[in-house]
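Numbering (full-length UniProt numbering), first residue to last: 1 to 429.
Glycine included, every Cβ here is placed at the ideal spot set by N, Cα and C.
Only one structure is covered here, and it is reproduced in the block below.
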């Protein structure tokens with residue numbers, strides 16, 4: 001029960017980390033693609049699978065666009081758009097609730113029943129509130145009639161008479177048009193524009209974060225590159241990602257005597273894992289095993305089984321080395337065991353340092369806020385230059401005054417010296 005509770009706790013803790021935008025988009029893309037190709041194989045080559053294949057093709061184009069977020073010429077311009085849309089999720093929720101309320105009201109009026117009452121209600125309200133496209137008679141559930149003239153053989157549309165729900169339909173029309181079409185849609189434009197300006201100022205920070213995450217994802221891939229070792233020496237150390245892990249001592253809940261007994265057993269049981277984890281991560285792994293009293297007891301009782309399992313895992317690891325890269329396999333195993341960083345520290349104790357440039361590039365289109373900030377900085381620099389110039393001018397004036405005063409003092413001292421010399425000459429020895 002304790003192990004089950006710990007497992008559930010870890011799942012709940014790391015669920016938010018797994019359910020990010022990239023993982024959800026990848027799962028959607030893979031799921032729709034699997035359904036599309038499965039249905040296509042079931043239909044054969046004579047007929048094309050249309051619904052899922054169309055959705056999958058659209059998702060493929062979006063995936064290509066999203067994969068360009070790590071490029072320097074596209075990332076700083078794409079990421080502010082995505083961040084602005086993500087930050088406007090609360091506003092979209094409010095708009096969706098308003099549209100749902102109007103659709104529910106339209107559904108209760110029972111104005112249209114084709115193709116289905118619910119879809120007809122949602123379609124009419126979406127056309128009016130979101131797209132601003134409406135037909136008043138169609139919104140009332142009425143259809144214009146055609147009156148044909150027998151003499152001219154021409155048919156002209158005739159407006160229908162007001163229906164029983166004429167007043168209710170018009171009241172709902174005005175409320176939806178004013179509340180959603182005019183207020184919320186115009187407010188949406190302003191909110192999106194403000195959020196885009198805000199994140200455009202932080203485009204460089206967003207780009208470095210996205211590139212660091214992108215490089216980390218590429219580094220975690222276990223595929224072995226083709227060719228010789230000279231052609232593929234492995235991934236270089238990223239200059240965008242620096243993970244620093246401090247060595248943290250773990251105080252096991254077992255006594256010192258029990259630790260001395262368990263350490264050789266753990267070392268023997270998991271010795272085949274030493275080439276996989278490495279020296280930096282093998283010690284934190286053994287300390288993590290020592291922190292569970294129940295696991296240590298089970299390890300003592302089933303030591304031969306753990307030795308066999310570790311040996312089998314080492315053989316599988318060696319066989320997979322012909323297809324995958326050992327570095328990627330070692331990283332996948334370490335992260336699965338919860339060991340991160342260079343010294344095998346936990347994720348909560350690791351840090352990612354990003355060096356961002358404060359000045360915006362000259363060739364980049366600046367937003368209004370960035371341009372205003374630049375203008376204010378230039379004005380402050382001009383004022384500082386003027387103040388320095390005035391201080392230097394005053395300093396020169398003071399120096400000139402001191403020089404003149406020194407000359408006057410020297411002149412008076414010289415005159416006084418001459419006077420004393422004359423008095424000495426007159427008095428004699």
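Would you mind sorting residue i into buried or exposed? The rule is 16 or more other CB atoms within 10 Å of its CB.
i: residue 32; result: buried
i: residue 54; result: exposed
i: residue 56; result: buried
i: residue 195; result: buried
i: residue 413; result: exposed
i: residue 319; result: exposed
i: residue 112; result: buried
i: residue 335; result: exposed
i: residue 143; result: exposed
i: residue 328; result: buried
i: residue 217; result: exposed
i: residue 78; result: buried
i: residue 162; result: exposed
i: residue 199; result: buried
i: residue 264; result: exposed
i: residue 386; result: exposed
i: residue 299; result: buried
i: residue 230; result: Confidence in residue 230 is poor, its pLDDT being 45 and thus under 50, which makes the residue's placement unreliable; the coordinate value appears in the next sentence. Per the 10 Å Cβ criterion, exposed.
i: residue 160; result: exposed
i: residue 118; result: exposed
i: residue 76; result: buried
i: residue 140; result: buried
i: residue 286; result: buried
Grouping DSSP H, G and I as helix and E and B as strand, with all else coil, what is residue i?
i: residue 235; result: Low per-residue confidence applies at residue 235: pLDDT is 41, beneath 50, and the placement is therefore not dependable enough to give any value.
i: residue 430; result: Because the chain in this structure spans residues 1 to 429, residue 430 falls outside the shown range and cannot be described.
i: residue 262; result: helix
i: residue 20; result: coil
i: residue 163; result: coil
i: residue 389; result: helix
i: residue 130; result: coil
i: residue 49; result: coil
i: residue 74; result: coil
i: residue 227; result: Unreliable placement is indicated for residue 227, whose pLDDT of 46 sits below 50; the coordinate value is still reported in the next sentence. The answer is coil: DSSP assigns residue 227 none of H, G, I, E or B.
i: residue 44; result: coil
i: residue 314; result: helix
i: residue 337; result: coil
At what residues does the beta strand (DSSP E) containing residue i begin and finish?
i: residue 155; result: 154-158
i: residue 148; result: 145-149
From this set, the options, which residue's C-alpha is nearest residue i's C-alpha?
i: residue 303; options: 28, 108, 270; result: 270
i: residue 307; options: 423, 273, 284, 327; result: 273
i: residue 60; options: 35, 29, 49, 76; result: 29
i: residue 192; options: 322, 64, 422, 81; result: 81
i: residue 330; options: 300, 108, 279; result: 279
i: residue 91; options: 404, 120, 189, 380; result: 189
i: residue 70; options: 299, 205, 41; result: 205
i: residue 106; options: 173, 418, 264, 72; result: 173
i: residue 68; options: 48, 158, 148, 214; result: 214
i: residue 197; options: 48, 373, 393, 388; result: 373
i: residue 23; options: 66, 125, 38, 183; result: 66
Start and end of the alpha helix (DSSP H) containing residue i?
i: residue 89; result: 89-109
i: residue 186; result: 185-201
i: residue 138; result: 136-140
Q) If you pair each beta-carbon of the region 97-107 with each one of the region 179-194, do three or more pairs fall below 8 Å? A) yes
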